[in-house]
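**Student:** There's a structure below that I have some questions on.
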Amino acid sequence: MTAKWMTRAGAGAIAALLLLTPSVVTAATVVDLADQAWTLTNDARNISVPGKVPSQVHLDLFAAGTISDPYLGLNDIDLRWVALSNWTYTTHVRGLHGLGQNTTAHTYLLFNGLDTFANVSFCGQHVATTDNQFRQYRFNITDHVAACRLPAGGGAAVSSSHRLSASRNNNNNGSAEPELRVHLTSAPLVAQQIADQPGQETWPWGIEGVFEFPHRQFIRKEQSDFGWDWGPAFAPAGIWQPAWIHQLEPARDDDLVVTNVALDIHRVGQVNNLPPDQTADWVLNASIDVLGGLPAGAVLQYAVAECSQPSGVVVARGNLTAVNNTGDVITGVVTVPARSVALWWPNGMGAQTLYNVTVDVVAPASGRVLASVSRRTGFRTIVVNMEPVSDEQIALGVQPGNNWHFEINGHPFYAKGSNFVPPDAFWPRVTADRLRQLLGAAVAGHQNMLRVWASGVYGPDALYDLADELGLLLWSEFEFGDALYPVGADFLVSIAREAHYQVRRTVHHPSLAVWAGGNELENLELWLVNHTAPDTLPRYRGEYETLFLRTLLPAVYGNSRGLTYMPSSTNNGYLRLDAPDSPFPWVPRYNNRTAGALYGVTEWYDYAAADAFDTRRFPVGRFANEFGFHAMPSVASWREVVARDADLRWDAPAVVLRNHHPPPGGIVSNDAAYRTASQGMAEMATAIGAYYPQPDKRPVAHLGHGSTLTLNDDTAAGAAAAAVANFSAWCHASQVFQADWLRQQIFFYRAGSGQPNRQLGALYWQLNDVWQAPTWATVEYSGRWKVGHYATRDAFQPVVAATVPDPTTGVLRVYAVSDLWAPVQGVLHLDWVAWSGALLNVTSPTPWWSIHSVYGNHTATGKNITTTTTTASVSLPFTVGALNSTLVAEIDVHKLTAATGGGGGGGIDPRAGLLVARLEATGTPIAAMTGGHNSASNTTTTTTHNTTSATRTNFAHTAVYTPVPLKDARLVDPGLTVRPVTTGSGNQNSNSTAVEVQATTGTSVWTWLALADADAGRVVVAWDDNGFLLRKGETRRIGYRVLSGASAGWLRRVTVQSTWNDTLAT
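Heads up: the sequence shown is residues 16 to 1081, going by the numbering used here.
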């Protein structure tokens, strides 16, 4: 990396440093503004309450009791006045020197984030205005300090001989200490004012995705603050990140404040977007931004130390070379031998080896350390390979076109994961523990990648730090989405500085996988332009390239040689990739397609219930980055925000108005919003009715664990309890449909790893909730796992049996799928099982299966077996290649069920049972090949690049296929029982580590462990498995982890249910 390359993109402000403080070396005075006493005021409403930094207006009003919890009830509607008002934060700063004096000290006001339109004044003097939530702002207020006249006795840190007398009429509100004032203007009102300006840019109809507040594309604020189809529109304002005042002495060369550090690690010779030479040494490029003056001739020294060793063994040290010092930025580079460090690997692929890299700024003559910074990092390469499919790949059966997959340390891998949205509408209350719980759910779910969705905020360092530790790759995006954006000069300058800082802030994290320009820009926004106003496409495509290729791409290429950049989350790759320093290095493909060729990424949403499991409609591509269906949260989550159980109804306004799919499309009446939201509620209800028994809970005399239930209780209490139970059953059924649908899509995509499209990634929408509402999340706001999280965890296991039905032909295909890097051998057992528990009586003149194998070792590979059989079970051996799938069996279900009871081609009653596909296999885990620790399984091996028998592991997976929807199946009571499994003294309390579940009288599908109502709101538990199949007589032991909360004796009250229970009193 050359010094010129790392030069700043522009002087002035840099983007927000989330959840971090700047590194202060020896500043003369540091005032942490979090320690000051703040007041939040709104004169128009006569509101004055204590404020905090960092915070936001809603949170401070809530803390003061002025408003109730913003998440309670319909407060997202009732509290709109907060977002549409202007607010002022005021404090009187204690501890400053030199007030009213011409001193040599330089004073800086440093904000890590202002949300969003702020007018800052100090001691009655204007300092600056801001308009970008994502930038770090630093203001030189030296002259303001010198001109600050205080009343007698003012300025606590100034000696009496230097105090200036002044009248109380001094624009400082008579305070003896200087007033710092931050006035915040309503973001929705400013956005409207900008949109209303004469000559303002407009777009064709439908280009701006309006959720609630309009015109978000004109402002640099968290886009989902104006509403989204999974979240509210609070549009908060505040000093949302830490802030300080620094006073520095220029005469002291060690009086510095480090405000940002870029630490880029890449292979020698590596260029962006292209796979590097994996045998090359590493390049470490460090660039440090400071407040204060760096002396000429300053030296940069570095050390790389192991994090895993208590002593921090240093593996490399020395001086950086090619040092470039501009006074406020100093840059240097060094080569680190590859043999000196170990690689960092994602979850399931090896060790997350981390190192502390320390860089010291050293005075040239004295050798004194003027500033020192340390960043925890890892050595890895991660590339999105979008290169043309090679002749060698085509010869292996890969469809021509371009690749689209990730490669870690030179290895293609299957990206398994989900999309991450803001975990709260108010970021100041998001804790590191909350992030750890969410990322822990992803790791436990066999995920190795999260897409940090655009239109929220840039991920805080706490998020990247946790991902570094846990081995989660973070697909990261600039904060633009579902809109096209203006390209005025001032707007672009602000964006360039925002992007420049954010890339530099995050580049050292090994979890950072890719930078995308924004969300759904190419596949949706430009597509809409082409379909609604095709004559304007050249104009808007040019503006798109101005922002996303000429403004954002240089921020990535200018601060890293190891990162991939792409202008849009969903894209078809590039036509050509030129040198990184060329004027236009990325030439987009757009829709320039060659017949018969395949390109790019897919996303898929279909809310028609009839299409849900029609695999013909699923997109065939190289990678799936969005797909999902919405579902209700559990009753425990609803009770966190709904005040009365009487409102726990599917059609209650308190429930329906929290559903924002479809979005209201603006600020509309509650009646209009209800009508729109009812469409999404109907989609969920229709899906339930199409595939599952319709919940219909009847009143009962008593609800309780182990109680005898008396049906048809006519009391008001019985009816109320039944109504809540019925609502709960509908919520659960919506989750079952979501889980079923997600698992089917994942199976389809993973089976594509061995098909011509060579599909190597599935990221479902979405991992987490921003609040308690019907959304696409698989983890609820309070951390509870929906059924869908257990289902995706199951589908993401390393080796699975993937069932892929074709409803048109009636053929069910069963694949063995492996994401391991070495071949896997095993057996697939297929059993037709009756709901009563016995094997079905299959009568068919020919086998009901056909066997196949890509790497076949069968005597009848790819051919039907023609001998007559009446067995309901068959075991088929298979071999599946590295990172691949094998079609093991095909079953003509239509033929098998055409003449139920024998004769013709028939053999089973499709209502009488289900097909159970049990896979048993052995293979070598990736972590065993890379010599590393596997975060998901917590197993360790020291074998490197070896597939000996000592490293081989057994894998097992079970998939289920029902020939008819469960609503039409002849289900029987499976006779489920559950009991705690105890250890130690045998007391069924704290010593219980698991539960045992048994089906005593029949086959149980969607077997679900649940906490009793009294416990569900107090403790959050993740089970080792849930929503599973349980055959008659089968007993399973299920462990658990308490994620949060406590409730004495909760394990004794755990309940178990299955689909059979949906229509029964509970």
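For glycine and all other residues, C-beta sits at the position ideal for the given N, C-alpha and C.
#1: Take every Cβ of the region 336-351, pair it with every Cβ of the region 298-306, and state whether three or more of those distances are shorter than 8 Å.
#2: Report yes if the CB atom of Pro219 is closer than 8 Å to the CB atom of Thr585, and no otherwise.
#3: Helix, strand or coil, according to DSSP, for Ser83 in the structure here?
#4: Would the beta-carbon of Thr122 be found less than 7 Å away from any heavy atom of the ligand NAP?
#5: How would you write the range of the alpha helix (DSSP H) that His121 sits in, first residue to last?
#6: Would you report the Cα separation of Tyr104 and Asn147, rounded to the nearest angstrom?
#7: Are the beta-carbon atoms belonging to Val829 and Thr579 less than 8 Å from one another?
#8: Determine the direct distance from the alpha carbon of His159 to that of Gln116, and round the result to whole angstroms.
#9: According to the Cβ coordinates, are Tyr317 and Val374 closer than 8 Å?
#10: To which residues does DSSP link Trp1038 through a beta bridge?
#11: What separation, rounded to the nearest whole angstrom, lies between the Cα atoms of Phe762 and Leu271?
#12: Give me the Cβ distance between Ala974 and Ala777, rounded to the nearest whole Å; I'm assuming they're in contact under 8 Å.
#13: Do you know offhand how far Gln760's Cα is from Gly643's?
#14: At the level of alpha carbons, what is the spacing between Val314 and Asn334?
#15: Got a sec, what are the start and stop residues for the alpha helix (DSSP H) Ser1062 sits in?
#16: Within 10 angstroms of its Cβ, does Leu165 collect 16 or more other Cβ (buried), or is it exposed?
#17: With respect to the alpha helix (DSSP H) encompassing Gly928, which residues constitute its N-terminal and C-terminal limits?
#18: Can you check whether the CB of Trp791 is closer than 8 Å to the CB of Pro247?
#19: Which residue wins for smallest C-alpha separation from Pro438, given the options Asn856, Arg637, Asn783?
#20: Can you grab the Cα-Cα spacing for the pair Asn90 / Thr81, in whole Å?
#21: How would you label Ala250, buried or exposed, when you count the other beta carbons within 10 angstroms and need 16 or more for buried?
#22: Quick check: what's the CA-CA separation for Asp296 versus Val283?
#23: Does the count of Cβ pairs from the region 67-81 and the region 227-244 closer than 8 Å reach three?
#24: Taking Asp93 as part of the alpha helix (DSSP H), name the residues at either end of that continuous run.
#25: Select from Asn640, Ala624, Pro553, Thr609 the residue whose C-alpha is nearest the C-alpha of Ala531.
#26: Expressed to the nearest angstrom, what Euclidean distance is found between the alpha-carbon atoms of Ala161 and Gly113?
#27: Suppose you measure from the CA of Pro475 to the CA of Gln517; what does that come to, to the nearest Å?
#28: Starting from Gln256, trace the beta strand (DSSP E) both ways and give me its first and last residue.
#29: I think Leu1026 touches Val1010, with their Cβ atoms under 8 Å apart; what is that distance to the nearest whole Å?
#30: Candidates Gly308, Tyr370, Pro525, Arg354: which alpha carbon is nearest Gln324's?
#31: Would DSSP call Gln1072 helix, strand or coil?
#32: Starting from Ile703, follow its DSSP beta bridges and name the residues at the other end.
#33: Over the uninterrupted alpha helix (DSSP H) stretch that includes Leu485, give me the two end residues.
#34: Can you grab the Cα-Cα spacing for the pair Asp596 / Ala311, in whole Å?
#35: Decide if the region 646-657 is in contact with the region 596-611; the criterion is three or more beta carbon pairs, one per stretch, under 8 Å apart.
#36: Alpha carbon to alpha carbon, what distance is there between Gln781 and Val225?
**Tutor:** For this structure:
#1: yes
#2: no
#3: coil
#4: Judged by which ligands are present, the structure shown has none, so any question about the ligand NAP falls away.
#5: Note, His121: premise wrong, no alpha helix (DSSP H); beta strand (DSSP E) at 121-126.
#6: 18 Å
#7: no
#8: 10 Å
#9: yes
#10: Tyr1055
#11: 55 Å
#12: No, Ala974 and Ala777 are not in contact; Cβ-Cβ is about 16 Å, not under 8 Å.
#13: 9 Å
#14: 7 Å
#15: Here Ser1062 belongs to no alpha helix (DSSP H), and DSSP marks it neither H nor E.
#16: buried
#17: Gly928 -> not in any alpha helix (DSSP H); beta strand (DSSP E) instead, spanning 928-938.
#18: no
#19: Asn783
#20: 13 Å
#21: buried
#22: 6 Å
#23: no
#24: 90-93
#25: Asn640
#26: 7 Å
#27: 10 Å
#28: No beta strand (DSSP E) holds Gln256; DSSP gives it neither H nor E.
#29: Wrong, their Cβ atoms sit about 11 Å apart, outside the cutoff.
#30: Tyr370
#31: strand
#32: In the DSSP output, where bridge partners are listed per residue, Ile703 has none listed.
#33: 476-485
#34: 29 Å
#35: no
#36: 20 Å
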